[in-house]
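Numbering (my numbering), first residue to last: 46 to 378. Virtual Cβ for every residue (Gly too), placed ideally from N, Cα, C. Structure first, commentary second.
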């Protein structure tokens, strides 16, 4: 009996070790990796498989990261010396919070990690679809660490993440203030965002982003994408969009290796450049300045943009407001 219990104990211990190992995944090299969010996803449906809408991005071959979704830890390791301040990785964690009107809205924490020489440089900010502070913030309790000269260094805790999301930083507030939202022409329910630099008469319009679909009724964006007839349109209203920001977005949304977008990757947006990702009768396509090609990943890229980007959250919130109003009217309230 004692021997049998010993075997059982060993088997149980091995099972627990295997389970713990399975929950942790180590990634290396340039790439974008999604993992499960226990706090939900902005679109509320399957994105990148189940609720895998949290994101890890590694910008070069010298950066390694281990994500433990059960232990809620993320560890970055990089020992390379960099001659200049260089982005090497980032983490996007999805959450929610209650806005000033009492509505629960999606929030995202964006953590950026750079290397300068042998030192880590870390910054973080909130993505929020509406202005103001937020209460009852919910986000997975991740601790993020990096390798330091004296061992592991903590760069993010759950408490810090909640504080950043509850009271967005001044830079985040300024960014929100620069975004002007308006309906797309006669389509009052088509999410449409104008990005401007400055305010009032001196505002400089930079870009327009809008989402359109042929699906009638009060369906949300996820359902409209699934229906198979939709477009996500981006137009540069000036040539002043930072090229580095464009290159970063192409990488994060899986577009940097598309030959059609090589001019955009190398030079950035010129005034009146137009980029569209869409689908017609379920067939995805990519179009840049009038030249179109088939693109099987259209649905995935659109979902990632809607969930992972500041502008995408605003578009999603716009559509959500239309859906809520339609439901309220239908209930006779």
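Legend entry - Reduced DSSP secondary structure (H/G/I, E/B, other) of residue 268: When DSSP states are grouped into helix, strand and coil, residue 268 belongs to the helix group.
Inset, instruction - Kindly indicate the opening and closing residues of the beta strand (DSSP E) around residue 328. - result: Counting along the chain, the unbroken beta strand (DSSP E) around residue 328 starts and ends at 328 to 333.
Legend entry - residue 133 vs residue 362 beta-carbon contact at 8 Å: Contact check for residue 133 against residue 362 fails: the beta carbons are separated by 8 Å or more.
Inset, instruction - Tell whether a beta-carbon distance below 8 Å holds between residue 140 and residue 210. - result: Cβ distance < 8 Å, so residue 140 and residue 210 count as in contact.
Inset, instruction - Can you have a look at residue 114 and say buried or exposed, based on whether 16 or more other CB atoms are within 10 angstroms of its CB? - result: Per the 10 Å Cβ criterion, buried.
Inset, instruction - Over the uninterrupted beta strand (DSSP E) stretch that includes residue 314, give me the two end residues. - result: Per DSSP, residue 314 belongs to no beta strand (DSSP E) and is neither H nor E.
Legend entry - Start and end residues, beta strand (DSSP E) containing residue 101: For residue 101, the enclosing beta strand (DSSP E) starts and ends at 99 to 103.
Inset, instruction - With DSSP as the reference, label residue 209 as helix, strand or coil. - result: Helix.
Inset, instruction - List the DSSP bridge partners of residue 188. - result: 118.
Inset, instruction - State the CB to CB distance for the pair residue 341 and residue 318, rounded to an integer number of angstroms; the pair is presumed to be in contact (CB under 8 Å). - result: With a Cβ gap of about 23 Å, residue 341 and residue 318 do not count as contacting.
Inset, instruction - Go to residue 256, then tell me how far its beta strand (DSSP E) extends in each direction, as first and last residue. - result: Boundaries of the beta strand (DSSP E) around residue 256: 249 to 258.
Legend entry - For residue 78, three-class secondary structure by DSSP: Looking at residue 78 - three-state DSSP - the assignment turns out to be strand.
Inset, instruction - Could you tell me which of 153, 167 and 158 sits nearest to residue 174, measuring between CA atoms? - result: From the listed residues 153, 167 and 158, the smallest Cα separation to residue 174 is found for 153.
Inset, instruction - State the CB to CB distance for the pair residue 343 and residue 323, rounded to an integer number of angstroms; the pair is presumed to be in contact (CB under 8 Å). - result: Sure, about 6 Å apart at Cβ, within 8 Å.
Inset, instruction - Go ahead and label residue 79 buried or exposed: buried means 16 or more other beta carbons lie within 10 angstroms of its beta carbon, across all protein chains shown. - result: It counts as buried.
Legend entry - DSSP state of residue 353 mapped onto helix, strand, coil: In this structure, residue 353 counts as helix in the three-state DSSP scheme.
Legend entry - Span separating the alpha-carbon of residue 236 from that of residue 256: Looking at the two C-alpha atoms, the distance is approximately 6 Å.
Inset, instruction - Consult DSSP for residue 322 and reduce its assignment to one of helix, strand or coil. - result: The three-state reading of DSSP puts residue 322 in strand, counting E and B together.
Inset, instruction - Give the C-beta separation of residue 117 and residue 137 to the nearest angstrom, bearing in mind that I take them to be a contact with Cβ-Cβ under 8 Å. - result: Between residue 137 and residue 117 the Cβ distance is about 15 Å, and since that is not below 8 Å, they are no contact.
Inset, instruction - Using only alpha-carbon positions, find the residue among 194, 300 and 176 that is nearest to residue 142. - result: Considering only alpha carbons, the answer is 176.
Legend entry - Residue range of the unbroken alpha helix (DSSP H) whose run includes residue 261: Segment: none, residue 261 is in no alpha helix (DSSP H) and carries neither H nor E.
Legend entry - Paired residues, beta bridge with residue 360 - DSSP: Beta-bridge pairing links residue 360 to no other residue.
Inset, instruction - Please state whether DSSP places residue 236 in a helix, a strand or coil. - result: In the structure shown, residue 236 falls within a coil segment according to DSSP collapsed to helix, strand and coil.
Inset, instruction - Could you pull out every residue in the same chain whose Cβ sits closer than 8 Å to the Cβ of residue 316, ignoring the five residues on either side in sequence? - result: Closer than 8 Å at Cβ, skipping near neighbours: 281, 282, 283 and 284.
Legend entry - For residue 280, the three-state DSSP class (helix, strand or coil): Residue 280 carries a strand assignment under DSSP once its states are collapsed to helix, strand and coil.
Legend entry - Per DSSP, cross-strand counterpart(s) of residue 339: Answer by DSSP bridge pairing, in chain order: 330.
Inset, instruction - Would you check if the stretch 163 to 172 and the stretch 101 to 112 touch, i.e. whether three or more CB-CB distances between them fall below 8 Å? - result: Judged by pairs of C-beta atoms under 8 Å, the stretch 101 to 112 does not touch the stretch 163 to 172, as fewer than three such pairs exist.
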